[in-house]
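J.:
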Amino acid sequence: MLNNEFEKAFSLLKSNSPLVHHITNYVTAHICADMTLAIGASPVMADAIEEVEEMVSMSSSLVINIGTLNERTVKSMIKAGKKANECGTPVILDPVGAGATTFRYETTKKLIEEIDFAIIKGNLSEIKTIAGLSTKSRGVDSIDMDSNSHNIARELAKKLNCVIVITGQEDIVSDGETTLVLKNGTPLLGSITGTGCMSASLIGSFVGVGLSPLTSASLAILTMCISGEIAARRLSNDSGSKSFKTYLIDAVYNMEYDTISKEMNVEYV
Amino acid sequence: MLNNEFEKAFSLLKSNSPLVHHITNYVTAHICADMTLAIGASPVMADAIEEVEEMVSMSSSLVINIGTLNERTVKSMIKAGKKANECGTPVILDPVGAGATTFRYETTKKLIEEIDFAIIKGNLSEIKTIAGLSTKSRGVDSIDMDSNSHNIARELAKKLNCVIVITGQEDIVSDGETTLVLKNGTPLLGSITGTGCMSASLIGSFVGVGLSPLTSASLAILTMCISGEIAARRLSNDSGSKSFKTYLIDAVYNMEYDTISKEMNVEYV
Amino acid sequence: MLNNEFEKAFSLLKSNSPLVHHITNYVTAHICADMTLAIGASPVMADAIEEVEEMVSMSSSLVINIGTLNERTVKSMIKAGKKANECGTPVILDPVGAGATTFRYETTKKLIEEIDFAIIKGNLSEIKTIAGLSTKSRGVDSIDMDSNSHNIARELAKKLNCVIVITGQEDIVSDGETTLVLKNGTPLLGSITGTGCMSASLIGSFVGVGLSPLTSASLAILTMCISGEIAARRLSNDSGSKSFKTYLIDAVYNMEYDTISKEMNVEYV
Numbered sequence: 001m002l003n004n005e006f007e008k009a010f011s012l013l014k015s016n017s018p019l020v021h022h023i024t025n026y027v028t029a030h031i032c033a034d035m036t037l038a039i040g041a042s043p044v045m046a047d048a049i050e051e052v053e054e055m056v057s058m059s060s061s062l063v064i065n066i067g068t069l070n071e072r073t074v075k076s077m078i079k080a081g082k083k084a085n086e087c088g089t090p091v092i093l094d095p096v097g098a099g100a101t102t103f104r105y106e107t108t109k110k111l112i113e114e115i116d117f118a119i120i121k122g123n124l125s126e127i128k129t130i131a132g133l134s135t136k137s138r139g140v141d142s143i144d145m146d147s148n149s150h151n152i153a154r155e156l157a158k159k160l161n162c163v164i165v166i167t168g169q170e171d172i173v174s175d176g177e178t179t180l181v182l183k184n185g186t187p188l189l190g191s192i193t194g195t196g197c198m199s200a201s202l203i204g205s206f207v208g209v210g211l212s213p214l215t216s217a218s219l220a221i222l223t224m225c226i227s228g229e230i231a232a233r234r235l236s237n238d239s240g241s242k243s244f245k246t247y248l249i250d251a252v253y254n255m256e257y258d259t260i261s262k263e264m265n266v267e268y269v
Numbered sequence: 001m002l003n004n005e006f007e008k009a010f011s012l013l014k015s016n017s018p019l020v021h022h023i024t025n026y027v028t029a030h031i032c033a034d035m036t037l038a039i040g041a042s043p044v045m046a047d048a049i050e051e052v053e054e055m056v057s058m059s060s061s062l063v064i065n066i067g068t069l070n071e072r073t074v075k076s077m078i079k080a081g082k083k084a085n086e087c088g089t090p091v092i093l094d095p096v097g098a099g100a101t102t103f104r105y106e107t108t109k110k111l112i113e114e115i116d117f118a119i120i121k122g123n124l125s126e127i128k129t130i131a132g133l134s135t136k137s138r139g140v141d142s143i144d145m146d147s148n149s150h151n152i153a154r155e156l157a158k159k160l161n162c163v164i165v166i167t168g169q170e171d172i173v174s175d176g177e178t179t180l181v182l183k184n185g186t187p188l189l190g191s192i193t194g195t196g197c198m199s200a201s202l203i204g205s206f207v208g209v210g211l212s213p214l215t216s217a218s219l220a221i222l223t224m225c226i227s228g229e230i231a232a233r234r235l236s237n238d239s240g241s242k243s244f245k246t247y248l249i250d251a252v253y254n255m256e257y258d259t260i261s262k263e264m265n266v267e268y269v
Numbered sequence: 001m002l003n004n005e006f007e008k009a010f011s012l013l014k015s016n017s018p019l020v021h022h023i024t025n026y027v028t029a030h031i032c033a034d035m036t037l038a039i040g041a042s043p044v045m046a047d048a049i050e051e052v053e054e055m056v057s058m059s060s061s062l063v064i065n066i067g068t069l070n071e072r073t074v075k076s077m078i079k080a081g082k083k084a085n086e087c088g089t090p091v092i093l094d095p096v097g098a099g100a101t102t103f104r105y106e107t108t109k110k111l112i113e114e115i116d117f118a119i120i121k122g123n124l125s126e127i128k129t130i131a132g133l134s135t136k137s138r139g140v141d142s143i144d145m146d147s148n149s150h151n152i153a154r155e156l157a158k159k160l161n162c163v164i165v166i167t168g169q170e171d172i173v174s175d176g177e178t179t180l181v182l183k184n185g186t187p188l189l190g191s192i193t194g195t196g197c198m199s200a201s202l203i204g205s206f207v208g209v210g211l212s213p214l215t216s217a218s219l220a221i222l223t224m225c226i227s228g229e230i231a232a233r234r235l236s237n238d239s240g241s242k243s244f245k246t247y248l249i250d251a252v253y254n255m256e257y258d259t260i261s262k263e264m265n266v267e268y269v
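Chains as they are written, first to last, in the numbering used here: chain A, 1 to 269; chain B, 1 to 269; chain C, 1 to 269.
(1) For Ile61 (chain C) versus Pro95 (chain C), is the C-beta distance shorter than 8 Å?
(2) Taking Glu263 (chain C) as the query, report the chain B residues whose CB atoms sit under 8 Å from its CB, ordered along the chain.
(3) State the DSSP-derived secondary structure class of Val266 (chain B), mapped to helix, strand or coil.
(4) So, at 7 Å on beta carbons, what are the nonlocal neighbours of Lys245 (chain B) in its own chain, with the 5 sequence-adjacent residues on each side left out?
(5) Is any beta-carbon of chain F found at less than 8 Å from that of Leu62 (chain A)?
(6) Could you tell me the distance, in whole angstroms, from the CA atom of Ile78 (chain B) to the CA atom of Thr259 (chain A)?
(7) Using alpha carbons as the reference points, say which of C:Val91, C:Leu180, C:Glu51, C:Gly176 lies closest to Glu170 (chain C).
(8) Counting only beta-carbon separations shorter than 8 Å, does Tyr26 (chain A) have a partner in chain C?
(9) Determine whether the beta carbon atoms of Thr68 (chain B) and Asp47 (chain B) lie at a separation below 8 Å.
(10) Are the Cβ atoms of Met255 (chain C) and Ser227 (chain C) separated by less than 8 Å?
(11) Who are Thr179 (chain A)'s beta bridge partners in DSSP?
(12) Pull up the CB-CB distance for Phe6 (chain B) and Ser261 (chain B), whole angstroms please, since I reckon it's below 8 Å.
(13) Checking contacts by CB at 8 Å: is Thr259 (chain C) closer than that to chain A?
(14) Apart from the five residues on each side of it in sequence, which residues of its chain come closer than 7 Å, Cβ to Cβ, to Ala100 (chain B)?
(15) By the three-class DSSP mapping on this structure, what secondary structure does Val209 (chain A) have?
(16) Based on Cα-Cα distance, which residue from B:Ser57, B:Thr89, B:Ile64 lies nearest to Gly210 (chain B)?
(17) For a quick check, are the C-beta atoms of Leu182 (chain A) and Val173 (chain A) less than 8 Å apart?
(18) Report back the beta-carbon spacing between Gly208 (chain C) and Ala9 (chain C) to the nearest angstrom; my notes put them in contact at under 8 Å.
(19) Taking any Cβ of chain C, which residues in the stretch 2 to 34 of chain A have a Cβ under 9 Å from it, in chain order?
(20) Per DSSP, Ile64 (chain B) forms a beta bridge with which residues?
(21) Can you tell me the Cα-Cα spacing of Thr28 (chain C) and Leu13 (chain B), whole angstroms?
(22) Please report the Cβ distance between Glu53 (chain B) and Lys83 (chain B), rounded to the nearest whole angstrom; I am assuming they are in contact, meaning their Cβ atoms lie under 8 Å.
(23) Which first and last residues belong to the beta strand (DSSP E) in which Asn123 (chain C) is found?
(24) Could you check whether the Cβ of Ile249 (chain B) sits closer than 8 Å to any Cβ belonging to chain C?
(25) Using a beta-carbon distance cut-off of less than 7 Å, what residues from the stretch 183 to 201 of chain A approach chain C?
(26) Would you verify that the beta carbon of Asn70 (chain B) is, or is not, closer than 8 Å to some beta carbon of chain A?
(27) Examine the ligand MN and report whether any of its heavy atoms sits within less than 7 Å of the Cβ of Leu219 (chain A).
(28) What does Gly241 (chain A) touch in chain C if you count any residue whose Cβ is under 8 Å from its own?
(29) Return the residues of the stretch 129 to 148 of chain C that lie within a Cβ-Cβ distance of less than 7 Å from chain B, sorted by chain order.
(30) How long is the line joining the alpha carbons of Gly204 (chain B) and Ser57 (chain B), rounded to whole angstroms?
(31) Looking only at its own chain, which residues have a Cβ that is under 8 Å from the Cβ of Leu133 (chain C), when we skip the five neighbours before and after it?
(32) In whole angstroms, what separates the C-alpha of Ile112 (chain A) from that of Ile64 (chain A)?
(33) The beta strand (DSSP E) with Ile166 (chain B) in it runs from where to where?
(34) Report the rounded CA-to-CA distance for Thr24 (chain A) versus Gly194 (chain A), giving the unit in angstroms.
(35) Once the 5 residues before and after Met55 (chain C) are set aside, which same chain residues still bring their CB inside 8 Å of it?
(36) Between Ile249 (chain A) and Glu86 (chain B), what straight-line distance do the alpha-carbon atoms span, to the nearest angstrom?
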């Protein structure tokens, strides 16, 4: 079902090179910009309140990531998100560590109240926090396990009327009606900084060429996970996590529809 | 003509290791620091208003980059730039996305009014914005083409009494009298984050050992573009944009005068 | 003497994955997060005053780095440090460029007055600045040489009742009673950005599993320096500083007690 849309995605990216506006953290901003370029889109990072409305007006999508939020940038996120809604520009939320501190929790709540998100992507702990369920996290990492995660994704997607992505050993994508379990990947993706943030950049890139939120999220996660598998196979004995990261972006840079189509391991639930 | 100055540049860098003060964006700060070290200079990133004057007083050059500007850092840029002018320390401007938003436009204008720049380096869209010409950009990237770009560089250099660099498929460097077209490079330089920012760091490094602004800008661009060519040749079939980036900095780290001299493709216009 | 503690450190890290809270600069935040993951710990970067107390309360250690300090983040450092002291959570100070500007000097002084640090790690110039001795620096780099450095470390450790680390060609670690000179390493560690910052992240990781500050600091420095030696041996002719950086983190990712034990070159003075 998704394959038809996947096929055109990569050529659309190369020809349109959509502008993906990020309001994001200073830890992974660089690697997210690299990842956005690798898939064929064009990143811009701008978080000054004076300019976010203008910048998002010319962008094809907006990625909001609260990784190193502060009072100043939260205001810019809200302003940019509202403007994006006005323009019909899809907005992605990456609620990094949503349950870790009160400030992150309150900010996430406020963002969801004020902005209509097309896609919210988080680990299980972040998504359960948003769903109002009790959960366990440590810092910005989830240490929660829940066999019920596709139901959580489906229900939250219905409630918020958006696509929900839960990343983990298996990744869940749901728009409330269709729910997919994506089974590609490698544990090495957990050994580097920014895997989640880069996934959000890929979602922003795909949704920026006009693919549906469900297709965009699924294809972004598949691109990330299959690229991870390819990168893992390139590692030699003395290689480690940083070589893996280099190879991961290399693999995204070289990714084609045929590879996705051949390698993807998806289950509808 | 430039060759004599080029010859001594690399040895001066190794022996003097000039301090290059950056007030720059959080997306490319890390790679700019790596690049500055690779060429043999010493980077310092400091943007607190309380310390920029002291920091620039002990520096050999100042690089101002508005990539992720905000109200706080713009104040620091102006304060540091004025102090640098007082000290006779050369200042480089990288007006990232100058035409993209009103805030960037107004900031660029104010910086140019308040500070005497030795070198302004931008893509065609950024430089045309400064020159008061109509142009097209998307985010921080130029999508303008103009066969007239060396005249634009020459006229703006005369008007602002500084060296103008226009980066693109071919790069233009002009001090208003001498104008060079630099024809080295590879399209891969457009597939990574921070090519422009790193070029400004190289300019700051060369001008920091006392080379003229024209020589510094030309040599920095040549170093970047020829290193890009060397990096591209190292790529294997499964390599991509991130391996290219690693090899690019490796090539700068290993760059010698003889390589520049042999590989450079320069036309005076 | 240290070997017994070293042996258990690596397995403790893999099983406990301690959360290392960083309040740090935007230049090296990404590579510090990568390094923390490479050794087996879990990084979190959070500097908003609204959340640092909560974040540090769930963390195993706190790393404070003043690399790109500003008024806002200095307040967060103090608040987080005091809370960590209340919780009995070890705090590491990386006083980047402590002597370079008045703002850095005053901030360092204030941090040491208000917070009890378990470990302070700096280059010779930074440590001499803290000790009230005259010194020479350029930007954030030391250009001081002092044959008396182990006495400086020992005396300052006694005075501040913490472990002092002086990094340089040889590294000194002292708790005021035991003083070690660590002789591993490679000059290439000076050719990349963030060597010092990454060392502090490793210290935070080891102290986060409950090793003593002296053991943690020694083991972190040894891990860094021996990984540097391994990385240097992987370099081919056309490799340079950026490949070295990749290999450095790879080597940390693969580091085992046996390698440390076999390669370490330590003298007690």
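All residues carry an ideal CB built from backbone N, CA and C; glycine is no exception.
T.: Put simply:
(1) The sequence position of residue 61 (chain C) within the third sequence is 61, counting from 1. The sequence position of residue 95 (chain C) within the third sequence is 95, counting from 1. Reading the sequence as shown, one finds Ser at residue 61 (chain C) and not Ile. Not a contact, by the Cβ cut-off of 8 Å.
(2) By 1-based counting over the third sequence, the position of residue 263 (chain C) is 263. In chain order: nothing, as chain B lies at least about 25 Å away.
(3) Within the second sequence, residue 266 (chain B) is the residue found at index 266, counting from 1. Residue state, collapsed to three classes: strand.
(4) Here the question's residue 245 (chain B) lines up with position 245 in the second sequence. For Lys245 (chain B), where only same-chain residues beyond five positions count, the Cβ hits under 7 Å are Ile192.
(5) No chain F appears in the structure shown, which is made up of the protein chains A, B and C.
(6) Position 78 of the second sequence holds residue 78 (chain B). Position 259 of the first sequence holds residue 259 (chain A). Ile78 (chain B) and Thr259 (chain A): Cα-Cα distance of roughly 51 Å.
(7) Start at 1 with the first residue of the third sequence, and residue 170 (chain C) comes out as number 170. Of C:Val91, C:Leu180, C:Glu51, C:Gly176, the residue nearest in Cα terms is C:Leu180.
(8) As a working mapping, residue 26 (chain A) is identified with position 26 in the first sequence. By this cut-off, Tyr26 (chain A) is an interface position.
(9) What you label residue 68 (chain B) is simply residue 68 of the second sequence in a count that begins at 1. What you label residue 47 (chain B) is simply residue 47 of the second sequence in a count that begins at 1. It is not a contact, given that the beta carbons lie outside the stated cut-off.
(10) Your numbering for residue 255 (chain C) matches position 255 in the third sequence. Your numbering for residue 227 (chain C) matches position 227 in the third sequence. It is a contact, given that the beta carbons lie within the stated cut-off.
(11) Locating residue 179 (chain A) in the first sequence gives position 179, counting from the first residue. BP columns for Thr179 (chain A) point to A:Ser174.
(12) In the second sequence, the residue the question calls residue 6 (chain B) occupies position 6. In the second sequence, the residue the question calls residue 261 (chain B) occupies position 261. Yes, they are in contact, since the Cβ atoms of Phe6 (chain B) and Ser261 (chain B) sit about 7 Å apart, within 8 Å.
(13) If you number the third sequence from 1, residue 259 (chain C) lands on position 259. Not one chain A Cβ lies under 8 Å of Thr259 (chain C).
(14) Start at 1 with the first residue of the second sequence, and residue 100 (chain B) comes out as number 100. Closer than 7 Å at Cβ, skipping near neighbours: Ser137, Gly139, Val140.
(15) Residue numbering aside, residue 209 (chain A) sits at position 209 when the first sequence is read from its first letter. Of the three classes helix, strand and coil, the one that applies to Val209 (chain A) here is coil, per DSSP.
(16) Counted from its first residue, the second sequence places residue 210 (chain B) at position 210. That would be B:Thr89, whose Cα lies nearest to the Cα of Gly210 (chain B).
(17) Position 182 of the first sequence, counting from 1, holds the residue named residue 182 (chain A). Position 173 of the first sequence, counting from 1, holds the residue named residue 173 (chain A). Against a cut-off of 8 Å, the Cβ pair of Val173 (chain A) and Leu182 (chain A) comes out as a contact.
(18) Here residue 208 (chain C) refers to the residue found at position 208 when the third sequence is read from its first residue. Here residue 9 (chain C) refers to the residue found at position 9 when the third sequence is read from its first residue. Actually they are not in contact, since the Cβ atoms of Gly208 (chain C) and Ala9 (chain C) sit about 11 Å apart, beyond 8 Å.
(19) Asn25, Tyr26, Val27, Thr28, Ala29, His30, Ile31
(20) Counted from its first residue, the second sequence places residue 64 (chain B) at position 64. DSSP, once it has assigned bridges, lists B:Ile23, B:Leu93 as partnering Ile64 (chain B).
(21) Indexing the third sequence from 1 puts residue 28 (chain C) at position 28. Indexing the second sequence from 1 puts residue 13 (chain B) at position 13. Approximately 24 Å between the Cα atoms of the pair.
(22) Here residue 53 (chain B) refers to the residue found at position 53 when the second sequence is read from its first residue. Here residue 83 (chain B) refers to the residue found at position 83 when the second sequence is read from its first residue. Between Lys83 (chain B) and Glu53 (chain B) the Cβ distance is about 4 Å, and since that is below 8 Å, they are a contact.
(23) Counting from 1 along the third sequence, the entry for residue 123 (chain C) is found at position 123. Where Asn123 (chain C) is concerned, the enclosing beta strand (DSSP E) stretches over 119 to 123.
(24) In the second sequence, residue 249 (chain B) corresponds to position 249, counting from 1. Closer than 8 Å: yes.
(25) Ser191, Ile192, Thr193
(26) Locating residue 70 (chain B) in the second sequence gives position 70, counting from the first residue. At least one CB atom of chain A sits nearer than 8 Å to the CB of Asn70 (chain B).
(27) Absence of the ligand MN is noted for the structure shown, with no ligands found whatsoever.
(28) Position 241 of the first sequence, counting from 1, holds the residue named residue 241 (chain A). A quick correction: the sequence has Ser, not Gly, at residue 241 (chain A). The answer, in chain order, is Asp34, Leu37, Ala38, Ile249, Asp250, Tyr253.
(29) Per Cβ criterion, the list reads Arg138, Gly139, Val140, Asp141.
(30) Here residue 204 (chain B) is taken as the residue at index 204 of the second sequence, counted from 1. Here residue 57 (chain B) is taken as the residue at index 57 of the second sequence, counted from 1. Gly204 (chain B) and Ser57 (chain B) have their alpha carbons spaced roughly 15 Å apart.
(31) Counted from its first residue, the third sequence places residue 133 (chain C) at position 133. Correct list, in chain order: Ile152.
(32) By 1-based counting over the first sequence, the position of residue 112 (chain A) is 112. By 1-based counting over the first sequence, the position of residue 64 (chain A) is 64. Each residue's Cα considered, the two are about 11 Å apart.
(33) By one-based count along the second sequence, residue 166 (chain B) stands at place 166. Bounds of the beta strand (DSSP E) holding Ile166 (chain B) are 163 to 167.
(34) Here the question's residue 24 (chain A) lines up with position 24 in the first sequence. Here the question's residue 194 (chain A) lines up with position 194 in the first sequence. The alpha-carbon atoms of Thr24 (chain A) and Gly194 (chain A) are separated by roughly 11 Å.
(35) The residue you call residue 55 (chain C) lines up with position 55 of the third sequence. Excluding residues within five positions, the ones whose Cβ falls inside 8 Å are His21, Val44, Ala46, Ala80.
(36) Reading the first sequence from its first residue, position 249 is the one you call residue 249 (chain A). Reading the second sequence from its first residue, position 86 is the one you call residue 86 (chain B). C-alpha separation (whole angstroms): 45 Å.
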